[in-house]
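Have a look at the structure below, then the notes.
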Amino acid sequence: MSVRVGIPRALLFYEYYPLWISFFQNLGAEVIVSQKTNKEILDMGVKNTVDEACIPVKIFHGHVVDLKDRVDYLFIPRIKSIFKNEYICPKFSGLPEMIKHSISELPKVIDTEINFFKSRKRLNNTIYEIGKYISNDHKSIMSAYGKACLEYKRHRKNIEDGEAVSIDGVKILNQINDSKLQGKKVMVMGHPYNVYDTYLNIDILDKIKSNEAIVSTPEMIGDKCTIEYSKKFNGNLSWTFARKLVGTALYLIDTKSVDGIIYISTFGCGVDSVVADLVEKLIRRHTNIPFALITLDEHSGEAGINTRIEAFMDMIKWRDILEDNISAHG
Ligand code: SF4
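Residue 104 in the working numbering sits at position 114 of the sequence shown; the count goes up by one each step and never skips.
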């Protein structure tokens, strides 16, 4: 029987799942992903996490509870840095310890450190350390990783190239630069787990689409582009999420490619208390693109979100008819 590796469907899963799943499967493991977030998972997460944690971390705990009795290993890497000279939110590096201290009777945890702050020289060692849990053959591990990388790159390229793809079941189609399309274009920004976890965000993407709008997300712009744009920012962006989202904002300011921007944040997020504010200031200072910040928590109600999305979409549509008739000075 093959080894079963459990991957919680939360946090950076939404960014890297094609890579991780493919890597373990190429090594012959059976990969089990937790169910999609639902009320039970959220409740389990809330029950098993310290109160101060942000909701995505609470949800992560719920996914671990969902998986723990069904797998031989849980994949919870200790992520410190995924890009050179950039750190990720500190919660990611403390995650394996948080889980081990909060949830009992866990299977073995693959908690290898991922730290590319100084360079990617240690990449091969890191991959070998992870792969060693499944196989002792160095060559097979590196070959499994090579194939997984190709899979991941193909997935990311498809998103940028405008192929119809899904990110964990959420259908997306990059039409951000298609000027012939009818319909308002809305960029939904935020950390990937806020944008693509449809239970957490109460299906915001679908709600916007049902208002005959075309939805974009930062992944469609791509890392290369957001890195280039982020260099125009006059300040220190040493957090990966900050670089990506500020780069996206500067791209939108330059290209004016959307009619509205919705930023999804979550209650208790230290990074967003700075980044969401920074993005909003940049957008308001340099463009007149309408901007809305939606902050979610475990008590967010669907009716309230619906009302905000509808009001935002109405406002964007009315601008076409009314804007020139209203004096900016009252
Ligand atoms: S970036 Fe914010 S939402 Fe994400 S894990 Fe850190 S504190 Fe939580």
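No residue lacks a Cβ here, since even glycine has one placed at the ideal position from N, Cα and C. These numbers come from a predicted model, not from an experiment.
Item                                                                                                                                                       : Value
Pick from A266, T216 and I117: whose alpha carbon is nearest that of F13?                                                                                  : I117
How long is the line joining the alpha carbons of A138 and E76, rounded to whole angstroms?                                                                : 24 Å
Would you report the Cα separation of F302 and G121, rounded to the nearest angstrom?                                                                      : 47 Å
Please classify Y189 as buried or exposed, where buried requires at least 16 neighbouring CB atoms within 10 angstroms.                                    : exposed
Taking the alpha-carbon positions, what's the D244 to K98 distance?                                                                                        : 48 Å
Report yes if the CB atom of R68 is closer than 8 Å to the CB atom of L57, and no otherwise.                                                               : no
Using the DSSP secondary-structure output, state which residues sit across from R(-6) in a beta bridge.                                                    : E20
Report yes if the C-beta distance between T256 and D287 is below 8 Å; otherwise report no.                                                                 : yes
Buried or exposed: G35, going by 16 or more other Cβ atoms within 10 Å of its Cβ?                                                                          : buried
For a test of the three-state rule: what should DSSP assign to F65, helix, strand or coil?                                                                 : strand
Per DSSP, F73 is paired with what?                                                                                                                         : Note: F73 sits in no beta bridge, so no partner.
Here's the rule: buried if 16 or more other CB atoms are within 10 angstroms of the residue's CB, otherwise exposed. What is S156?                         : exposed
According to DSSP, simplified to helix, strand and coil, what is F281?                                                                                     : strand
Considering just the uninterrupted stretch of the beta strand (DSSP E) at V248, what are its terminal residues?                                            : Per DSSP, V248 belongs to no beta strand (DSSP E) and is neither H nor E.
Taking only the alpha-carbon atoms, compute the straight-line gap between M321 and I149 and give it to the nearest angstrom.                               : Because the chain spans -9 through 320 in this model, residue 321 falls outside it and cannot be assessed.
In angstroms with no decimal places, state the Cα-to-Cα distance between K90 and I100.                                                                     : 12 Å
With three or more C-beta pairs closer than 8 Å as the rule, is the segment 59 to 68 touching the segment 202 to 220?                                      : no
Between the Cα of V185 and the Cα atoms of R233, Y4, N201 and I(-3), which residue gives the shortest distance?                                            : Y4
Take the Cβ of G173 as the centre, count every other Cβ of all protein chains shown within 10 Å, and call the residue buried at 16 or more, exposed below. : exposed
In the DSSP assignment, the alpha helix (DSSP H) including N148 goes from what residue to what residue?                                                    : H128 to D151
State the Cα-Cα distance for the pair S263 and G18, rounded to the nearest angstrom.                                                                       : 42 Å
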